[in-house]
Amino acid sequence: MIPRMRTPHQGIALQVRNLRKAYQDVVAVDGLDLEVHSGECFGLLGPNGAGKTTTVEICEGLNTPDSGEVLVLGRGWGHQDRELRQRLGISLQETQFSEKLTVDETVQLFRSFYDRGPSPAEVIAMVQLQEKAQSRVGSLSGGQKQRLALACALVGDPELLFLDEPTTGLDPQSRRQLWELIERFKADGRSILLTTHYMDEAERLCDRVAIVDHGRMIALGTPQALIARLEAEHVVEFALAEPSAIDETLLRAIDGVCAAERRNGTYRLQVSELHRAMPSLLAELRRQGAQLAELRTHSATLEDVFVSLTGRHLRDE
Amino acid sequence: MSEPGRRWTGHPLVQLTRVRYREFFREPEAVFWVFIFPVLLAAGLGIAFRNRAADRTVVAVVTTGQAAPLADALRRADGLDVSLLTDSAASEALRIGNVAMVVVPSASGQLEYRYDDSRPESRTARLVVDDVLQRASGRRNPLAVRDQLVRERGARYIDFLVPGLLGMNLMGSGIWGLGFAIVDARKKRLLKRLIATPMSRSQYLASFVLSRLTLLVIEVTLLLGFGVLVFGIPLRGSLPLLATICLVSSLAFASLGLLIASRAQTMEGASGLMNLVMLPMWIFSGVFFSASRFPEQIQPFIQALPLTAVIDALRANILRGAGWHMVTGELAIILAWMVGSFVLALKLFRWR
Numbered sequence: 271m272i273p274r275m276r277t278p279h280q281g282i283a284l285q286v287r288n289l290r291k292a293y294q295d296v297v298a299v300d301g302l303d304l305e306v307h308s309g310e311c312f313g314l315l316g317p318n319g320a321g322k323t324t325t326v327e328i329c330e331g332l333n334t335p336d337s338g339e340v341l342v343l344g345r346g347w348g349h350q351d352r353e354l355r356q357r358l359g360i361s362l363q364e365t366q367f368s369e370k371l372t373v374d375e376t377v378q379l380f381r382s383f384y385d386r387g388p389s390p391a392e393v394i395a396m397v398q399l400q401e402k403a404q405s406r407v408g409s410l411s412g413g414q415k416q417r418l419a420l421a422c423a424l425v426g427d428p429e430l431l432f433l434d435e436p437t438t439g440l441d442p443q444s445r446r447q448l449w450e451l452i453e454r455f456k457a458d459g460r461s462i463l464l465t466t467h468y469m470d471e472a473e474r475l476c477d478r479v480a481i482v483d484h485g486r487m488i489a490l491g492t493p494q495a496l497i498a499r500l501e502a503e504h505v506v507e508f509a510l511a512e513p514s515a516i517d518e519t520l521l522r523a524i525d526g527v528c529a530a531e532r533r534n535g536t537y538r539l540q541v542s543e544l545h546r547a548m549p550s551l552l553a554e555l556r557r558q559g560a561q562l563a564e565l566r567t568h569s570a571t572l573e574d575v576f577v578s579l580t581g582r583h584l585r586d587e
Numbered sequence: 011m012s013e014p015g016r017r018w019t020g021h022p023l024v025q026l027t028r029v030r031y032r033e034f035f036r037e038p039e040a041v042f043w044v045f046i047f048p049v050l051l052a053a054g055l056g057i058a059f060r061n062r063a064a065d066r067t068v069v070a071v072v073t074t075g076q077a078a079p080l081a082d083a084l085r086r087a088d089g090l091d092v093s094l095l096t097d098s099a100a101s102e103a104l105r106i107g108n109v110a111m112v113v114v115p116s117a118s119g120q121l122e123y124r125y126d127d128s129r130p131e132s133r134t135a136r137l138v139v140d141d142v143l144q145r146a147s148g149r150r151n152p153l154a155v156r157d158q159l160v161r162e163r164g165a166r167y168i169d170f171l172v173p174g175l176l177g178m179n180l181m182g183s184g185i186w187g188l189g190f191a192i193v194d195a196r197k198k199r200l201l202k203r204l205i206a207t208p209m210s211r212s213q214y215l216a217s218f219v220l221s222r223l224t225l226l227v228i229e230v231t232l233l234l235g236f237g238v239l240v241f242g243i244p245l246r247g248s249l250p251l252l253a254t255i256c257l258v259s260s261l262a263f264a265s266l267g268l269l270i271a272s273r274a275q276t277m278e279g280a281s282g283l284m285n286l287v288m289l290p291m292w293i294f295s296g297v298f299f300s301a302s303r304f305p306e307q308i309q310p311f312i313q314a315l316p317l318t319a320v321i322d323a324l325r326a327n328i329l330r331g332a333g334w335h336m337v338t339g340e341l342a343i344i345l346a347w348m349v350g351s352f353v354l355a356l357k358l359f360r361w362r
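Right, dumping it as structure tokens:
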């Protein structure tokens, strides 16, 4: 699908060591280490305000760290930056392109900055905006605007792609469409650093994920490995009708329950064997005379990993 | 599929400049304010202040004593309109400016002239009325005089006005044109997105200069063309000098616009700053009336304003046909503003 003109960078596409950045009294990034291997899609997963965007913008050379080292495609910022930028594709959070230009004119403008790469028409076709090529940017939907942003990131045939929250604020259909596009570029051997606060996005797109919170990395691994670390494949959440209550220690004692906690009236159990734990749980509740108001169960996700690590939900803030 | 040699349309500077045109011409309001409004303003003011064959002066005669023969004598004179009013009505008319002066006859035959000596038309009316009445009463002039009327293009208000409007327009389009576009791009985070590409930052700024220069040609041609064709404004100076004045003026105001836009994060902040910068020039720089009317003490300040220099240079060139050596002072001031603002803007400019 994507015409390759560059051989992908070999080795490590992006290396970040002990990165720190503070704004006035807020520490945005607090000693972060990252390595993005060539050809991998690496996800920075964390809630809003975790320092993801600051980290990415430092990697993109748009922000300067207080301390720490960043190597992009083996090179640091501050020396022949424009050459390095020729090899990067960047999609920032919340860029608004000029509404009075057409899609084609916008892509042409961005294409003119790069020495090489596909033609504007080819890039527009890649992100499936052919029908909108002559439309003004102001008339595009949110999903179409994000695809335009992706097109502008791809015009230079980049070796390393930075995508900062590429699907935030989009409807589910537009998100899936964008995921398919990103997957195709990934299949092509490009390296991608992606930030998101959607766990399903990270699970679907990323080869490896770093979970960040308060500017620190709190977990790193493949999505499967991180979920496996919970030692529980399922999560059961329930609420009891007032004024019933049940002691968490009783819940932890149930066969197949790995962890149990209560928060805001909702009980949350990590369960390894759902078919054994559920009957025992219901029996225990009946024995305590507790009335169920709500009961949900789902397979464990990265969200559950985040909750088990921080006690908070990704999208709480 | 790769493009080893760029077609000229693919050059970033060409692309950036075309974006400037597209953004401008696709904004009907901008086109109106830059191209149409100054012409409308010139047309409106030109008509309002057109020179009439001779201005009529209105005087009142109070209906006491010998009012009727006095009024008749005044009516026979050129350029006087006379109304007979009661004392209180005449005073009221004088107070609100409907009449230039009031003539009050008295039983003793002595006349009273009632007028405000700070009003030029009242002082004129006093001289005319007195002359008419004295001659009607038998005065003979000891000195023989002859009037030769000289009505020349270049001395009318519209002649004075058009270079002023041109200067004001150069200022407005330079400051607004650059300032708003840059602050808008910063607010939309488009500036940040652009510097994330290999785009040359100086080419980005150069694209504003290039587009400004082309728009400048249209702007100047429209307004001056209108003035010449409709009002017969004389273009007495050399056209290359006129073009040079317009060019450096436009660049100076564009630099000033860049300076104002160098930090502003919001449109409201930017437009406040722009008005703050432009307001003194609208008032003091002599767009609508001569800047020399302001007190001597603030003249150094007024003369240092870029718009004052621009308008003085334009009037000297257009109306008096002044050569290069006569506008070097003004050109120096304009160039100083251009270089100073640009250097400072580059120091302060934030891309984020």
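Those protein sequences? They're chains A and V, same order as listed.
For reference, each letter of the first sequence is one residue, going 271 to 587 in my numbering.
For reference, each letter of the second sequence is one residue, going 11 to 362 in my numbering.
Even for Gly, the Cβ is constructed at its ideal location relative to N, Cα and C.
Here the structure is a predicted model, which is why all the values come from computation and not from measurement.
List, in chain order, every chain V residue whose beta-carbon is nearer than 8 angstroms to that of residue i.
i: K370 (chain A); result: R32, E33, R36, E37
i: E330 (chain A); result: A206
i: E364 (chain A); result: R199
Does the distance from the C-beta atom of residue i to that of residue j stay below 7 angstroms?
i: L579 (chain A); j: I488 (chain A); result: yes
i: V297 (chain A); j: G526 (chain A); result: no
i: V326 (chain A); j: F455 (chain A); result: no
i: A570 (chain A); j: I497 (chain A); result: yes
i: L475 (chain A); j: A283 (chain A); result: no
i: K198 (chain V); j: Q294 (chain A); result: no
i: G338 (chain A); j: R406 (chain A); result: no
i: H504 (chain A); j: V479 (chain A); result: no
i: I344 (chain V); j: A262 (chain V); result: yes
i: S221 (chain V); j: R362 (chain V); result: no
i: R325 (chain V); j: P173 (chain V); result: yes
i: R36 (chain V); j: K415 (chain A); result: no
Closer than 6 angstroms by C-beta to residue i: which residues in its own chain qualify, once you throw out the five before and the five after it? Chain order, please.
i: F359 (chain V); result: S272
i: N178 (chain V); result: Inspection of the sequence shows that residue 178 (chain V) is occupied by Met rather than by Asn. Excluding residues within five positions, the ones whose Cβ falls inside 6 angstroms are V297.
i: L440 (chain A); result: G412, G413
i: V353 (chain V); result: none
i: G56 (chain V); result: I168, F241
i: W347 (chain V); result: A262, P316
For residue i, which residues in chain A fall below 9 angstroms Cβ to Cβ?
i: G20 (chain V); result: Q378, R381, S382
Identify, in the order they occur along the chain, each residue of the same chain with its Cβ nearer than 7 angstroms to the Cβ of residue i, setting aside the five sequence neighbours on each side.
i: V92 (chain V); result: V69, V71, A81, L84, R85
i: Y214 (chain V); result: L26, L204
i: Q400 (chain A); result: I394
i: V577 (chain A); result: H583
i: L51 (chain V); result: L175
i: M11 (chain V); result: Residue placement at M11 (chain V) is poorly supported in this model, since its pLDDT is 41, which falls under 50; the coordinates are not used for a value here.
On the criterion of 16 or more Cβ atoms from any shown chain inside 10 Å, does residue i qualify as buried, or is it exposed?
i: G107 (chain V); result: exposed
i: W334 (chain V); result: exposed
i: H467 (chain A); result: buried
i: A523 (chain A); result: exposed
i: R149 (chain V); result: exposed
i: G89 (chain V); result: exposed
i: V44 (chain V); result: buried
i: D322 (chain V); result: buried
i: V227 (chain V); result: exposed
i: Q120 (chain V); result: exposed
Applying a beta-carbon distance threshold of less than 9 angstroms, which residues of chain V neighbour residue i?
i: F367 (chain A); result: K198, L200, R203
i: E310 (chain A); result: Going along chain V, no residue has its Cβ under 9 angstroms from E310 (chain A), so there is no contact; the nearest lies around 22 angstroms.
i: I360 (chain A); result: R203, A206, T207
i: R454 (chain A); result: By Cβ distance, chain V contributes nothing, its closest Cβ being about 17 angstroms from R454 (chain A), past 9 angstroms.
i: H522 (chain A); result: For clarity, residue 522 (chain A) is Arg in the given sequence; the question names His instead. Per Cβ cutoff of 9 angstroms: no residues; R522 (chain A) is ~49 angstroms from chain V at best.
So which residues of chain V does residue i contact, with C-beta pairs closer than 7 angstroms?
i: Q356 (chain A); result: P208
If the cut is a Cβ gap below 8 angstroms, which residues of chain A does residue i touch?
i: V29 (chain V); result: S368, L371, E375, L379
Starting from the C-beta of residue i, find all residues in its chain whose C-beta is less than 8 angstroms away, skip the five residues before and the five after it, and write them out in chain order.
i: A515 (chain A); result: A560
i: Q76 (chain V); result: P115, G119
i: V138 (chain V); result: T67, A87, G89, L90
i: P22 (chain V); result: M209, S210, Q213
What residues of chain A sit near residue i, judged by a beta carbon separation below 7 angstroms?
i: Q25 (chain V); result: Q378, L379, S382
Output yes if chain D places a C-beta closer than 7 angstroms to the C-beta of residue i; else output no.
i: R345 (chain A); result: Absence of chain D from the displayed structure is noted, the protein chains being A and V.
Any heavy atom of the ligand NAP within a distance shorter than 6 angstroms of the CB on residue i?
i: R145 (chain V); result: With respect to the ligand NAP, the structure shown offers nothing to examine, as it has no ligands at all.
Checklist entry - Any chance the stretch 183-200 of chain V sits against the stretch 261-281 of chain V, with 3 or more Cβ pairs inside 8 angstroms? => result yes
Item to check | Validate contact between the stretch 366-386 of chain A and the stretch 448-463 of chain A using beta carbons, cut 8 angstroms, 3 pairs | outcome: no
Checklist entry - Between the stretch 309-316 of chain A and the stretch 457-473 of chain A, are three or more C-beta pairs nearer than 8 angstroms? => result yes
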